[in-house]
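In this note's numbering, the protein residues as written are 703 to 960.
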Amino acid sequence: MYAEIESRIDVPQSATLPHRTLPIADASPRRAGGKCSSCAMKRICMPPDLSADELARLDSVVYTTRVVKRGETLYRTGDGFHSIYAVRAGCFKTVLMHRDGQEQVTGFQLAGDALGLDGVYSDRHDCDAVALEDSIVCIIPFDLLELLCREVKSIQHHVHRLMSGEIVRESGLMMLLGTMTAEQRVAAFLLNLSSRLKARGYSPDEFVLRMTREEIGSYLGLKLETVSRTLSKFRKAGVLRTHGKEIRIADHARLAKV
């Protein structure tokens with residue numbers, strides 16, 4: 703069952719929700735220290751085989767970055783939509799706030815992932831994007847990106863794929879929450895994170911969780927105690943080795959068969 707949803711479980715959902723009192727990142731963009739053409743994440747967040755001219759045109763659109771400190775919000779529910787963001791370094795979570803004040807995590811974004819596509823539909827963001835560690839995002843003004851998409855079809859196709867991916871991952875998240883046991887959900891989460899890290903050139907076997915177990919539980923629809931108990935069970939079975947937030951997957955095959 704894990705194989706059916708491995709790449710489809712990181713999507714925000716719509717709602718009208720109250721704001722929280724988290725600090726907002728400095729709204730003044732900072733000029734980027736590097737270009738898309740020299741970025742380590744270029745093979746993740748941009749289409750392959752762009753010509754030198756097309757890369758230069760993309761660089762002209764993605765020309766600023768913003769530093770977002772741990773705990774700060776990049777944008778909040780209800781903020782006007784003007785740009786999408788590419789995570790250059792760090793990690794984010796997207797969250798909704800229920801009317802009772804409870805937080806619902808809807809996704810985790812790593813370096814190379816896009817943020818802000820939730821605002822395309824209504825011209826307003828429908829979730830909060832919060833940095834889980836000190837992070838850097840590249841700012842891509844959407845109006846300029848639209849113009850570029852009309853001229854460079856490969857970039858247009860890539861943006862369409864990003865939007866389609868949001869829909870596909872949402873259906874995967876619904877499947878995960880609706881049909882899988884607690885153990886299967888945690889296993890799917892760890893294997894999905896492992897594969898995403900591998901695609902970015904990091905170890906798929908050993909990594910540090912940037913999110914808390916409570917945040918993992920919120921994302922998976924599980925209580926904190928259930929997440930902790932499940933990780934402990936995997937550890938005792940020899941599938942995982944854990945030390946605080948450090949995770950080592952000792953047996954990928956067994957984890958995938960949960």
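Even for Gly, the Cβ is constructed at its ideal location relative to N, Cα and C.
Three-state secondary structure (DSSP) of residue i
| i | result |
| --- | --- |
| valine 764 | coil |
| lysine 959 | coil |
| glycine 946 | coil |
| aspartate 971 | In this structure the chain extends from 703 to 960, so residue 971 is not present and cannot be described. |
| aspartate 830 | strand |
| leucine 724 | Unreliable placement is indicated for leucine 724, whose pLDDT of 41 sits below 50; the coordinate value is still reported in the next sentence. Coil. |
| serine 920 | helix |
| valine 822 | coil |
| cysteine 840 | strand |
Residue i and residue j closer than 8 angstroms at C-beta
| i | j | result |
| --- | --- | --- |
| phenylalanine 783 | aspartate 845 | no |
| valine 839 | cysteine 851 | no |
| glycine 818 | isoleucine 786 | yes |
| aspartate 836 | arginine 778 | no |
| alanine 833 | glycine 792 | yes |
| isoleucine 918 | valine 929 | yes |
| isoleucine 841 | threonine 766 | yes |
| alanine 889 | leucine 957 | yes |
| histidine 827 | glycine 880 | no |
| arginine 887 | leucine 922 | yes |
| glycine 773 | lysine 795 | no |
| serine 866 | leucine 752 | no |
Where the beta strand (DSSP E) containing residue i begins and where it ends
| i | result |
| --- | --- |
| leucine 911 | Where leucine 911 is concerned, there is no enclosing beta strand (DSSP E), given that its DSSP letter is neither H nor E. |
| valine 789 | 785-791 |
Sequence-distant residues of its chain with Cβ nearer than 7 angstroms to residue i (five each side left out)
| i | result |
| --- | --- |
| glutamine 806 | Val797, Leu798, His800 and Ser920 |
| valine 854 | Glu756 and Arg759 |
| leucine 942 | Leu933, Phe936, Ile949, Arg950, Ile951 and Ala952 |
| threonine 821 | Reading off the sequence shown, one finds glycine at residue 821, where the question assumed threonine. Cβ within range, chain order: Phe783 and His827. |
| isoleucine 707 | Confidence is the limiting factor: at isoleucine 707 the pLDDT is only 42, short of 50, which leaves the residue's position unreliable, though a coordinate-based value still follows. Gly874, Met877, Leu878 and Ala890. |
| arginine 912 | Cys793, Leu834 and Glu835 |
| threonine 944 | Leu933 and Arg937 |
Terminal residues of the alpha helix (DSSP H) in which residue i lies
| i | result |
| --- | --- |
| arginine 801 | First-last for arginine 801: undefined, no H or E at that position. |
| valine 888 | 884-901 |
| threonine 928 | 926-938 |
| threonine 779 | Segment: none, threonine 779 is in no alpha helix (DSSP H) and carries neither H nor E. |
| cysteine 747 | 744-747 |
| valine 870 | 855-881 |
Close-in-space but distant-in-sequence residues of the same chain around residue i (CB under 6 angstroms, 5 per side omitted)
| i | result |
| --- | --- |
| methionine 743 | Ala813 and Gly814 |
| glutamate 885 | Thr932 and Val960 |
| leucine 724 | Low per-residue confidence applies at leucine 724: pLDDT is 41, beneath 50, and the placement is therefore not dependable enough to give any value. |
| valine 670 | Lying before the first or after the last residue shown, residue 670 is absent from the chain, which here runs from 703 to 960. |
| proline 731 | Note that proline 731 has pLDDT 49, beneath the 50 cutoff, so the model's placement of it is unreliable and the number below is only indicative. Thr766, Arg768 and Ile841. |
| glutamate 908 | Arg950 |
| valine 770 | Ala727, Leu776, Ala833 and Ser837 |
Residues of its chain near residue i, where Cβ-Cβ distance is below 8 angstroms and the 5 sequence neighbours each way are ignored
| i | result |
| --- | --- |
| alanine 816 | Cys747, Ile786, Tyr787, Ala788, Val789 and Leu864 |
| glutamine 811 | Asp712, Val789, Cys793, Phe794, Lys795, Thr796, Leu817 and Ala831 |
| proline 749 | Ser856, Ile857, His859 and His860 |
| arginine 898 | Leu812 |
| arginine 902 | Met743, Ile746, Leu812, Ala813 and Gly814 |
| serine 905 | Leu899 |
| serine 896 | Pro906, Asp907, Phe909, Ile951 and His954 |
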